[in-house]
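Here's the structure, in structure tokens; my notes come after.
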Amino acid sequence: MPKTALPEKALEAQLVDAPTQHDRMPNPEELLLNTEDAPKITDRLNIFPFDWRVETPRLMEIYESSRDPGWSPSKLPWHTLDVESMTLDQRYAIAYWWSLLSVFDASGPAVFARAMIHAYETHEEDSIRKCFFSVTRDELHHEEVCGKAITMLTPNGPLGYEPETELGRLARNNVEWLYHNGARYWSGYKKAVEHYPMPILFSSFLFGEVASSTLFHSMYESTDIPVFKEAFKNIGRDEGRHLSFCLALLKEVLPKMSEEDKETVTKQFRAGFIFLSGILFEPPAEFWQLPPTFIPAQRLLEEKAREAGFGILTLEKRRENWRTAVVRLKTIVEPYGVKFPALPEIDVDGETVAFDADKIIPIF
Ligand SMILES: [Fe+2]
Ligand SMILES: [Fe+2]
273 MPKTALPEKA LEAQLVDAPT QHDRMPNPEE LLLNTEDAPK ITDRLNIFPF
323 DWRVETPRLM EIYESSRDPG WSPSKLPWHT LDVESMTLDQ RYAIAYWWSL
373 LSVFDASGPA VFARAMIHAY ETHEEDSIRK CFFSVTRDEL HHEEVCGKAI
423 TMLTPNGPLG YEPETELGRL ARNNVEWLYH NGARYWSGYK KAVEHYPMPI
473 LFSSFLFGEV ASSTLFHSMY ESTDIPVFKE AFKNIGRDEG RHLSFCLALL
523 KEVLPKMSEE DKETVTKQFR AGFIFLSGIL FEPPAEFWQL PPTFIPAQRL
573 LEEKAREAGF GILTLEKRRE NWRTAVVRLK TIVEPYGVKF PALPEIDVDG
623 ETVAFDADKI IPIF
């Protein structure tokens with residue numbers, strides 16, 4: 273026994289009761305008699321209470337497969353992009369295309385994040401919320417590629433640098449107009465996203481995903497610049513997955529959709545066509561507020577980018593491509609009794625519908 277140890281009795285006298293020790297445990301029966309109901313959550317768009325129900329298991333499967341997208345924008349072979357070997361105009365022209373894309377793709381994170389919050393507020397099933405999360409992450413990657421391409425080609429671009437050539441100045445003016453229209457789109461989208469039920473939102477998203485997967489596939493095939501080719505391949509794969517999300521959900525909801533909602537979908541398809549034509553084809557005046565110099569300047573820039581091996585399709589090819597994509601969409605929705613709008617710009621017959629610039633919801 274060590275010399276300093278206290279005798280057993282003295283040690284016991286020094287013991288202090290732990291503060292959490294009760295003289296008796298609460299009785300659950302008694303407690304239950306005295307519980308009070310929590311106030312009802314009456315706020316229509318409140319994210320509480322939560323549940324984790326899954327109504328569309330296929331969505332959860334696609335979400336699982338999206339956890340690892342298999343690529344990362346920062347790991348693309350950016351070091352192979354030989355900016356020095358390009359003329360100033362070629363740099364401006366390629367950066368211009370990425371700026372045009374950014375109206376659709378760099379708005380993606382904010383647009384889908386908004387949709388995700390809305391899905392929480394309207395208590396959609398867990399798998400819908402997760403889909404939006406995964407698409408938001410993908411869109412952030414696409415935005416990152418837009419930013420990296422633009423700032424490598426035109427440091428501080430697209431607007432924070434002084435172009436040194438006429439074509440460069442035309443590009444900048446066009447980008448200012450593009451962003452003016454992008455800002456109008458965002459104002460409309462914010463209101464629209466709260467206005468429509470999920471099945472209508474997903475129908476509009478479907479159009480965007482058909483457009484984006486078509487676009488990136490064609491850009492991948494026709495671009496010779498390795499880092500961009502690689503980027504298009506990966507972005508295209510992401511967009512294909514977004515398309516699968518939309519199709520999986522719509523297969524469930526389209527058969528149950530009311531006639532009135534179907535009419536809204538037809539109108540939204542027309543709106544989607546007009547908005548997305550800004551990149552898939554050429555911007556129609558029904559939505560796009562642009563000066564008369566815009567299209568001629570864009571054509572010059574496209575020609576210059578092609579000269580540097582950047583694969584923007586010719587107008588005729590784009591028209592053909594866009595038409596193929598739209599007809600594909602038409603064959604998906606028509607069996608469910610959703611009428612397709614007339615798109616005379618690309619020779620597609622259908623219903624004549626009104627266009628409301630304040631309520632557009634298509635996204636990439
Ligand atoms: Fe995207
Ligand atoms: Fe997408």
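Positions in the sequence shown are counted from 1; adding 272 to them yields the numbering used here.
Quick reminder that beta carbons are idealized off the backbone N, C-alpha and C, glycines included.
In this text the structure is predicted, and so the values were computed from the model without any measurement.
Using the Cβ count rule (16 or more neighbours within 10 Å means buried), how would you classify residue i?
i: HIS452; result: exposed
i: TRP560; result: buried
i: THR312; result: Looking at the sequence itself, residue 312 is Lys, so the reference to Thr does not match. Exposed: under 16 other Cβ atoms inside 10 Å.
i: ALA455; result: exposed
i: GLY429; result: buried
i: PHE474; result: buried
i: ARG296; result: exposed
i: ARG600; result: exposed
i: ARG578; result: buried
i: ALA285; result: exposed
i: VAL499; result: buried
i: PHE320; result: exposed
i: SER459; result: exposed
i: GLU301; result: exposed
i: LYS347; result: exposed
i: SER379; result: buried
i: VAL288; result: exposed
i: GLY609; result: exposed
i: LYS402; result: buried
i: GLU683; result: Missing from the structure shown is residue 683; the chain here goes from 273 to 636 and no further.
i: HIS467; result: exposed
i: ASN306; result: exposed
i: GLU294; result: Note that residue 294 corresponds to His in the displayed sequence, not to Glu. The residue in question, HIS294, is exposed, as its Cβ has fewer than 16 Cβ neighbours within 10 Å.
i: LEU641; result: This structure leaves residue 641 out entirely; the chain is present only between 273 and 636.
i: MET273; result: For MET273, the predicted model reports a pLDDT of 49, less than 50, meaning its position is unreliable; a value from the coordinates is still stated below. Counting Cβ neighbours within 10 Å, MET273 comes out exposed, since fewer than 16 surround it.
i: ASN299; result: exposed
Would DSSP call residue i helix, strand or coil?
i: VAL417; result: helix
i: PRO279; result: coil
i: GLU356; result: helix
i: GLU554; result: coil
i: LEU515; result: helix
i: GLU481; result: helix
i: LEU317; result: coil
i: LEU431; result: coil
i: LYS528; result: helix
i: PHE256; result: One cannot answer for residue 256 here, as it falls past the ends of the chain, which runs 273 to 636.
i: THR426; result: coil
i: THR565; result: coil
i: TRP324; result: coil
i: ILE366; result: helix
i: PRO607; result: helix
i: GLU502; result: helix
i: MET273; result: Low per-residue confidence applies at MET273: pLDDT is 49, beneath 50, and the placement is therefore not dependable enough to give any value.
i: ASP289; result: coil
i: TYR451; result: helix
i: MET297; result: coil
i: ASP510; result: helix
i: ARG339; result: coil
i: LEU348; result: coil
i: ALA310; result: coil
i: PHE405; result: helix
Assuming contact is defined by CB atoms lying nearer than 8 Å, are residue i and residue j in contact in what I supplied?
i: VAL605; j: ILE618; result: no
i: PHE384; j: PHE404; result: yes
i: PRO381; j: GLU415; result: yes
i: VAL213; j: PRO345; result: With the chain running from 273 to 636 in the structure shown, residue 213 is simply not present.
i: ILE635; j: GLY480; result: yes
i: GLU436; j: LEU360; result: yes
i: GLU554; j: LEU587; result: yes
i: LEU522; j: ALA365; result: no
i: SER399; j: LEU303; result: no
i: ILE551; j: LEU372; result: yes
i: TRP343; j: MET424; result: no
i: SER476; j: LEU585; result: no
i: GLN362; j: ALA503; result: no
i: PHE582; j: ILE472; result: no
i: GLY622; j: LYS611; result: yes
Tell me the DSSP bridge mates of residue i?
i: VAL620; result: LEU615
*Would you say the stretch 528-545 touches the stretch 407-426, given that touching needs at least three Cβ pairs under 8 Å?*
No, because fewer than three Cβ pairs between the stretch 528-545 and the stretch 407-426 fall closer than 8 Å, the two stretches do not touch.
*Does the count of Cβ pairs from the stretch 445-465 and the stretch 564-575 closer than 8 Å reach three?*
They touch, by the three-pair rule.
*May I ask you to verify whether the stretch 585-604 touches the stretch 455-465, counting CB pairs closer than 8 Å and requiring at least 3?*
At 8 Å Cβ cutoff, the stretches do not touch.
_Tell me whether the stretch 516-527 and the stretch 546-558 touch, counting them as touching only if at least three CB pairs, one residue from each stretch, are closer than 8 Å._
The stretch 546-558 and the stretch 516-527 do not touch, with fewer than three beta-carbon pairs separated by less than 8 Å.
*Should the stretch 522-540 be called in touch with the stretch 350-358, which here means at least 3 C-beta pairs below 8 Å?*
Contact fails: fewer than three Cβ-Cβ distances are below 8 Å.
*Would you be able to state if there are at least three C-beta pairs under 8 Å between the stretch 309-328 and the stretch 483-496?*
Taking a cut-off of 8 Å for Cβ pairs, the stretch 483-496 and the stretch 309-328 do not touch, as fewer than three such pairs fall below it.
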